[in-house]
Amino acid sequence: MNTTHARQRLVIGNWKMNGSLAANAALLQAVRAGSEAQAGCQVAVCVPFPYLAQAQAQLSGGTVSWGAQDVSVHASGAYTGEVSAGMLNDFACRWVLVGHSERRSYHAETDEQVALKAAVALQAGLTPVVCIGETLQQQEAGETAQVISRQLGPVLALGAQSVSRMVIAYEPVWAIGTGRTATPEQAQAVHALVRQALEALGVGQVQVLYGGSVKASNAASLFAMPDIDGALVGGAALVADEFLGIVAA
Ligand code: 13P
0 MNTTHARQRL
10 VIGNWKMNGS
20 LAANAALLQA
30 VRAGSEAQAG
40 CQVAVCVPFP
50 YLAQAQAQLS
60 GGTVSWGAQD
70 VSVHASGAYT
80 GEVSAGMLND
90 FACRWVLVGH
100 SERRSYHAET
110 DEQVALKAAV
120 ALQAGLTPVV
130 CIGETLQQQE
140 AGETAQVISR
150 QLGPVLALGA
160 QSVSRMVIAY
170 EPVWAIGTGR
180 TATPEQAQAV
190 HALVRQALEA
200 LGVGQVQVLY
210 GGSVKASNAA
220 SLFAMPDIDG
230 ALVGGAALVA
240 DEFLGIVAA
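In numbering that gives the first Met the number 0, the protein residues as written are 0 to 248.
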């Protein structure tokens, strides 16, 4: 662990649509026990909605916090299938992912909707983890910087006070679930762009996580980069030893 790093380390597991009561019980217990010794790193899990109560029951009083993977922009009403920020608060969530690439691509979430979700989360006292990242096609067309800037635009427009209470996660779509991690240098180059945009707004202390095929074996080299403050972990978050290996890095 690089103890001179300016911002606190943060590792969040995004379970996506995985789990069962039985499997979660073992995973949560192992993550809780294994994270206790890692004082230098904040650890969290974002679980499917039906398992928030289980996460709360098993993680309360420990060092691992929990959250959800999406939130409605609405407070209540006729929005079948949606879950509000107030409901997340009922389960003492600390975090909520917004704008994950799977939400953007399978549910057509726009940059503006993602920013609105971040604002709604902040109003409810939750910390939004705003996910951004380019597709393979965009990367190959040399559009990465442009895409990142477009996705961040409406989020940064919420203003410094709001942005200072968020986390940003850079997840190149081509690296998600593909086993193809961005090299530390590739990731750092984009993180530096994000950092510049944050600094221009006066919120340089915001944590910027990297996501996309992060594993125990590649975490340390990613975390050695000056602008990578931690990781948003998918597949490896479902295996306690892998996830704890990333936390230990
Ligand atoms: P993988 O770690 O499985 O590539 O998923 C990354 C991700 O999408 C986390 O939100």
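Here a beta-carbon is modelled for each residue, glycine too, at the ideal position from N, C-alpha and C.
Inter-segment contact for the segment 22 to 41 and the segment 68 to 81 is absent: fewer than three beta-carbon pairs are separated by less than 8 Å.
Nearest Cα to E170 within the set P183, A84, V162, L237: P183. It is roughly 12 Å from the alpha-carbon of S100 to the alpha-carbon of L135.
Placement of the Cβ of H99 at a distance of less than 7 Å from at least one heavy atom of ligand 1 is found. DSSP lists V166 as the bridge partner or partners of Q206. With distances taken between CA atoms, K116 lies nearest to L96 out of L96, I227, E133, V193.
For T62 and S34, the gap between their C-alpha atoms comes out near 7 Å. In chain order, the residues that have a beta carbon nearer than 6 Å to some heavy atom of ligand 1 are N13, H99, E170, I175, G176, G210, G211, S212, V213, L231, V232, G233, G234, A235.
Leaving aside the five residues that flank S19 on each side, none in its chain has a CB nearer than 7 Å to its CB. Looking only at C92, A107, Y78, G233, the smallest Cα-Cα distance to A120 is reached by C92.
Taking a contact as a CB-CB distance under 8 Å, the pair V207 and R194 counts as one, their CB atoms being some 6 Å apart. By the C-beta density criterion, E108 is buried, having at least 16 other C-beta atoms within 10 angstroms. The beta carbons of R179 and S212 sit closer together than 8 Å.
Straight-line measurement puts the Cα of Y105 at about 24 Å from the Cα of M165. In the structure shown, I227 adopts coil according to DSSP, grouped into three states.
A check of alpha carbon separations from Q112 across P153, E81, A32 identifies P153 as the nearest. Between A186 and L155, the C-beta spacing is not below 8 Å. According to the DSSP assignment, I147 belongs to the alpha helix (DSSP H) that extends over 143 to 155. Residue environment analysis places N23 among the buried positions, since at least 16 neighbouring C-beta atoms fall within 10 angstroms of its C-beta. In the DSSP secondary-structure assignment, T126 is bridged to W94. Counting only residues of its own chain and dropping the five nearest sequence neighbours on each side, L243 has a CB closer than 6 Å to the CB of G33. For the pair A159 and L200, the CB atoms are nearer than the 8 Å cut-off. Under DSSP, G12 shares a beta bridge with V44, V232. For G211, no beta strand (DSSP E) run applies, since DSSP gives it neither H nor E. Under the three-state reduction of DSSP, G80 is assigned to coil, being neither helix nor strand.
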